[in-house]
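Asks: The sequence shown maps to residues 54 to 902 in this note's numbering.
Beta carbons are placed, not taken as given, at the ideal position from N, Cα and C, and that holds for glycine.
Have a look at this one.
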Amino acid sequence: MRAAVANGADAIFFGVDKFNARVRAHNFTMDELPDVMSFLHLYGVKGFVTFNILVFEEELNDAKRLIEACIDAGVDAVIVQDLGLVKLIREISPDFPIHGSTQMTITSPEAVEFTKPFDIERVVLGRENNLKQIKQIGDQAKLPMEVFVHGALCVSYSGQCLTSEMWGGRSANRGECAQACRLPYDLIVDGEQKPMGDVAYLLSPKDLAALELVPELIEAGVTSFKIEGRLKSPEYVANVVGKYRKAIDAYFEGRDPKPSKEELRELEQSFSRGFSYGFLKGTNNKQLVEGTFPKSRGVFLGRVKQILRDGVVCELEAPLKRGDGIVFDAGDPTRKEEGGRVYDVRRKGVKLEGEAAGGLIEIVPGRNDVDLKRVHVGDRIWKTSDPALDKRLRQTFETDKPYRVFPVKVKVVGALGHPLKSWWTDLETGHTVAVESELALVQAEKRPMDRTLFEEQFGRLGGTVFELVELDVQLQGELIVPMRELNQMRRLAAAELEAARRSPRPYVKRPVDVYADAWTGASEPGTTAIASRAAAQLAAPSASDAAAASASLMGDPTAAAAAGPYLIALCRSLEQVQAAGQTDVPWIYADFEFIKQFPAAVEAARAAGKRIALATPRIHMPGETGYFRNLLNLRPDAVLVRNTGAMYYFMQHRMNKPEEFQPELIGDFSLNATNHKTVDLFAAAGCKRITPSYDLNIQQMVDLLSRTDNRLIEVVLHQHLPMFHTEHCVYCTFMSEGTDYTNCGRPCEEHRAGLQDRVGMTHPVRVDEGCRNTVYNAIEQSGAEYLSNFIELGVRAYRIEFLEETGAKVREVIDLYSRALSGDISGTQVWRKLKATNQLGVTRGQLVK
Numbered sequence: 054m055r056a057a058v059a060n061g062a063d064a065i066f067f068g069v070d071k072f073n074a075r076v077r078a079h080n081f082t083m084d085e086l087p088d089v090m091s092f093l094h095l096y097g098v099k100g101f102v103t104f105n106i107l108v109f110e111e112e113l114n115d116a117k118r119l120i121e122a123c124i125d126a127g128v129d130a131v132i133v134q135d136l137g138l139v140k141l142i143r144e145i146s147p148d149f150p151i152h153g154s155t156q157m158t159i160t161s162p163e164a165v166e167f168t169k170p171f172d173i174e175r176v177v178l179g180r181e182n183n184l185k186q187i188k189q190i191g192d193q194a195k196l197p198m199e200v201f202v203h204g205a206l207c208v209s210y211s212g213q214c215l216t217s218e219m220w221g222g223r224s225a226n227r228g229e230c231a232q233a234c235r236l237p238y239d240l241i242v243d244g245e246q247k248p249m250g251d252v253a254y255l256l257s258p259k260d261l262a263a264l265e266l267v268p269e270l271i272e273a274g275v276t277s278f279k280i281e282g283r284l285k286s287p288e289y290v291a292n293v294v295g296k297y298r299k300a301i302d303a304y305f306e307g308r309d310p311k312p313s314k315e316e317l318r319e320l321e322q323s324f325s326r327g328f329s330y331g332f333l334k335g336t337n338n339k340q341l342v343e344g345t346f347p348k349s350r351g352v353f354l355g356r357v358k359q360i361l362r363d364g365v366v367c368e369l370e371a372p373l374k375r376g377d378g379i380v381f382d383a384g385d386p387t388r389k390e391e392g393g394r395v396y397d398v399r400r401k402g403v404k405l406e407g408e409a410a411g412g413l414i415e416i417v418p419g420r421n422d423v424d425l426k427r428v429h430v431g432d433r434i435w436k437t438s439d440p441a442l443d444k445r446l447r448q449t450f451e452t453d454k455p456y457r458v459f460p461v462k463v464k465v466v467g468a469l470g471h472p473l474k475s476w477w478t479d480l481e482t483g484h485t486v487a488v489e490s491e492l493a494l495v496q497a498e499k500r501p502m503d504r505t506l507f508e509e510q511f512g513r514l515g516g517t518v519f520e521l522v523e524l525d526v527q528l529q530g531e532l533i534v535p536m537r538e539l540n541q542m543r544r545l546a547a548a549e550l551e552a553a554r555r556s557p558r559p560y561v562k563r564p565v566d567v568y569a570d571a572w573t574g575a576s577e578p579g580t581t582a583i584a585s586r587a588a589a590q591l592a593a594p595s596a597s598d599a600a601a602a603s604a605s606l607m608g609d610p611t612a613a614a615a616a617g618p619y620l621i622a623l624c625r626s627l628e629q630v631q632a633a634g635q636t637d638v639p640w641i642y643a644d645f646e647f648i649k650q651f652p653a654a655v656e657a658a659r660a661a662g663k664r665i666a667l668a669t670p671r672i673h674m675p676g677e678t679g680y681f682r683n684l685l686n687l688r689p690d691a692v693l694v695r696n697t698g699a700m701y702y703f704m705q706h707r708m709n710k711p712e713e714f715q716p717e718l719i720g721d722f723s724l725n726a727t728n729h730k731t732v733d734l735f736a737a738a739g740c741k742r743i744t745p746s747y748d749l750n751i752q753q754m755v756d757l758l759s760r761t762d763n764r765l766i767e768v769v770l771h772q773h774l775p776m777f778h779t780e781h782c783v784y785c786t787f788m789s790e791g792t793d794y795t796n797c798g799r800p801c802e803e804h805r806a807g808l809q810d811r812v813g814m815t816h817p818v819r820v821d822e823g824c825r826n827t828v829y830n831a832i833e834q835s836g837a838e839y840l841s842n843f844i845e846l847g848v849r850a851y852r853i854e855f856l857e858e859t860g861a862k863v864r865e866v867i868d869l870y871s872r873a874l875s876g877d878i879s880g881t882q883v884w885r886k887l888k889a890t891n892q893l894g895v896t897r898g899q900l901v902k
């Protein structure tokens, strides 16, 4: 934090306790908030608290306490992912600033519009938006935009990664990312492993570095440049912040903001997996992922030309000196690599003083650092550390001097027999304090006070954050007071101005019961008394009312069995739709790769007498609302809504064109509902059913269901979990010569790819209409064992999702779950049967922890 302030940051974002997306970081505590904000405000820096995770039902009271602490401490904004938390914050305070986190997956003007009723004052756009899209979002939505400009890139859309959750119960939506994208994978194409040479890190992007794009970002309307700084060293923070500060200032002062080669090298030195512009200049899959190493390398020095008795020869491409750290890269970062400190730098056997900047150089590592027998001609050499650079960076913030000083204007007025009066104005904040002498002014016998004296005495502000820049002296006659009076006035004025800077910004704060709006059938939390809660929920309406309500939710007023639980089949092929049509499921969802396949799905469902819902893409980019219009033209019974941009589009369609066809809206898991407030928010937006987030385990699911009208809830019982959802296209990058969808040749239409992990599991990779990839878990998962709990809690809608299953398999799986719903077999029997008949087996997935 000090490194950032010292090097020119306008704002700091930081985590407090457990509610943030970097739980592995050494986060601040709630008790430290007042001191942190006091320090930041002293320097005119804003403090934003990251609350950028999903909040579980039983955590709402803890979340409320943290929000109240943020309000009391004068935090300048909270950065929020969970829309239920946004709703809670607005109940507590109408004016406390909220920023929409990149974890909200805001990538279109419509998604920004969806946030406006909650007075979200700034949005952090998805890292996949390019400059053209950023400008379009700003022009249409007219809300300040924050964009990531430097740091690690997630390969998955933020807020849409379930990999850590699936494999280790460590959710990225809970700040516990296990970085599965940084692991090696083999590429499997049509069942065969594709040789990839030394390319193994198929999902590991280079780091984002947009320093050279500062002018374009400003001109696109970006108002806040976001630098990833947590889990990094203070030297890294000082380095990156200082360079972006310099470039921004240069742009606005009319100077050339372009960084030098040396500045770019220094950025690489602090931390770099190799730099790219990410998606800011558009999608270029070849530049985004190189695939040869997953971790920071630093600065590339060159390749080993020759191995000597005590070192190696290299044709240097970057400066090197004694004391620098190096590593030899043989192309397999999973194995131990040789590296250490540089002991000497020579040219043709002669030691060089200072830094070697190019040409054939002999690099001599420390004798105990490197085993030269394990180094080969052709190995790449990287400079991993530069102690001199680190020392220079530390000097920016390891100092007793103030990091910044602010201009002060002083007005002095005095008359004989009266105290000397002064008014001190902090010109940045506009705050003014009045200070006067304790003693009255007397006639000067020798040296009367003049402007020069006041400039000297009142200008002695060293050690404070102020400097005197303007002085107005109005004395009536030749007057004087003791010098100690002037010193005391100066000290008191500086202290009062500093206190004004440090004082917390006031906000409205109201007492709130977080469960006041929860479902009235709820009682004590937890798994105990599930049956009594379920009875309380279902006792309110009569049996006939319940049947009518459930039938209405199903869109089938004639269904006699509508009062009971029912199955929904989500299909990803026409064969699956046709097979589901031969079963007793009332609903079929079509989730196809290409929209041109939807008409056949609608026709097949209609022919089978089934209700059909069509799925939107999981991501919505600017200019893609035509997709939603095409869905409406097919007149499905419902739309499975997967993002807030789509939600806003259909809300507006319902509001502005009520006479036109209006499908039901079903909120999918990707809307990330983990508490009753989020469920209520999407129900109020028009969703007939909402699918809870896959981040919930069984206990958290029960906690949610105990506070929610569960006729609104749709539970996914069976699926291949969609883990990564990414703009990075595996097909384009590794199966074509192209760089994006315009020149890749569409290998996804002819082949099926999968990623094989270290234990031999192959995870299918599928493409959607926008050429985005979803990596699905290889193993099916089932929540069948908890079916009786869900039924007791009043859940009626249960979804089964298919991926690559044949029509016969679809019918078999639906039959098993139908028998479980009717009580003929237990959920455990379903799970065991699926495990016995499925080649890969079935895991109970995220519902178990």
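#1: How big is the Cα-Cα spacing for Ala575 and Phe109?
#2: Helix, strand or coil for Gly823, going by three-state DSSP, please let me know.
#3: Taking the alpha-carbon positions, what's the Asp566 to Val102 distance?
#4: Taking DSSP as the reference, what is the three-state secondary structure of Ser286?
#5: Applying the criterion that 16 or more other CB atoms from any shown protein chain within 10 Å of the CB defines a buried residue, is His816 buried or exposed?
#6: Along the chain, where does the beta strand (DSSP E) containing Ile360 start, and where does it finish?
#7: Judging by CA-CA distance, which residue of Ser313, Lys299, Lys314 is the nearest neighbour of Gly307?
#8: If distances are taken between C-alpha atoms only, which option among Ile124, Val290, Gly68 comes closest to Ile106?
#9: Quick one: give me the first and last residue of the beta strand (DSSP E) that Ser475 is part of.
#10: Which one of Gln496, Gln529, Val488, Ala493 has the shortest CA to CA distance from Phe511?
#11: Should Ala56 be labelled buried (16 or more other beta-carbon atoms within 10 Å of its own) or exposed?
#12: Taking 8 Å as the threshold, find out whether the segment 821-837 comes into contact with the segment 642-654 through three or more Cβ pairs.
#13: In chain order, what residues of the same chain lie with their CB nearer than 6 Å to the CB of Ala303, ignoring the 5 residues before and after it?
#14: Using a 10 Å radius around the Cβ and a threshold of 16 neighbouring Cβ atoms, would you call Arg625 buried or exposed?
#15: Which first and last residues belong to the alpha helix (DSSP H) in which Phe381 is found?
#16: Is Lys562 closer than 9 Å to Ile187 when the C-beta atoms are compared?
#17: So, is the C-beta of Asp756 closer than 9 Å to a C-beta in chain D?
#18: If I measure Cβ to Cβ from Gln193 and keep anything under 6 Å in the same chain, skipping five residues before and after, which residues do I get?
#19: Classify Ser556 as buried or exposed, calling it buried when 16 or more other Cβ atoms lie within 10 Å of its own Cβ.
#20: Quick check on DSSP: helix, strand or coil for Cys367?
#21: For Val446, report the span of its alpha helix (DSSP H) as first-last.
#22: By Cβ distance below 8 Å, which residues in the same chain neighbour Gln866 in space, the five residues on each side in sequence not counted?
#23: At what residue ranges does the segment 637-725 contain a whole run of the beta strand (DSSP E), taking only runs of 3 or more?
#24: Out of curiosity, what's the CA-to-CA distance linking Ala861 and Gln635?
#25: Rounding to the nearest angstrom, what Cα-Cα distance links Pro745 and Val202 in this structure?
#26: Roughly how many angstroms lie between the CA atoms of Arg742 and Leu693, to the nearest whole one?
#27: Just list the beta strand (DSSP E) runs in the segment 498-545, keeping only unbroken ones of 3 residues or longer that don't cross its boundaries, in chain order.
#28: Buried or exposed for Asp479, please, with buried defined as at least 16 other CB atoms from any protein chain shown within 10 angstroms of its CB.
#29: Taking only the alpha-carbon atoms, compute the straight-line gap between Glu370 and Leu524 and give it to the nearest angstrom.
#30: Thinking just about the alpha-carbon of each residue, which of Tyr839, Thr678, Val366, His706 is nearest to the one in Met39?
#31: Just reading off the beta strand (DSSP E) that Glu415 is part of, what are its end residues?
#32: Could you tell me whether the segment 330-343 touches the segment 386-396, where touching means 3 or more Cβ pairs closer than 8 Å?
#33: Starting from Thr103, trace the beta strand (DSSP E) both ways and give me its first and last residue.
#34: Contact defined as beta carbons within less than 8 Å: I believe Asn114 pairs with Thr786. What is the distance between those atoms, to the nearest angstrom?
#35: Less than 9 Å between the beta carbons of Phe459 and Ala59, yes or no?
#36: Cutting at 6 Å between CB atoms, please list the residues of its own chain near Arg433, excluding the five before and the five after it.
Replies: From the atom records:
#1: With a pLDDT of 40 at Ala575, under the threshold of 50, the modelled position of that residue is not reliable, and no figure is offered here.
#2: coil
#3: 23 Å
#4: coil
#5: buried
#6: 352-360
#7: Lys299
#8: Gly68
#9: 472-479
#10: Val488
#11: buried
#12: yes
#13: Pro310
#14: buried
#15: Careful: Phe381 lies outside any alpha helix (DSSP H), inside the beta strand (DSSP E) at 378-382.
#16: no
#17: Although the question refers to chain D, the structure presented lacks it and comprises just one protein chain.
#18: Pro162
#19: exposed
#20: strand
#21: Reading the sequence as shown, one finds Leu at residue 446 and not Val. Segment 440-450, the alpha helix (DSSP H) holding Leu446.
#22: First, the amino acid is wrong: residue 866 is Val here, not Gln. Answer for Val866: His771, Ile853, Phe855, Glu858, Leu887, listed in chain order.
#23: 640-643, 664-668, 691-694, 717-720
#24: 10 Å
#25: 32 Å
#26: 10 Å
#27: 519-529
#28: buried
#29: 54 Å
#30: Residue 39 is absent from the model: the chain starts at 54 and stops at 902.
#31: 412-418
#32: no
#33: 99-104
#34: Not quite, the Cβ-Cβ distance comes to about 46 Å (not below 8 Å), so this is no contact.
#35: no
#36: Arg356, Asp382
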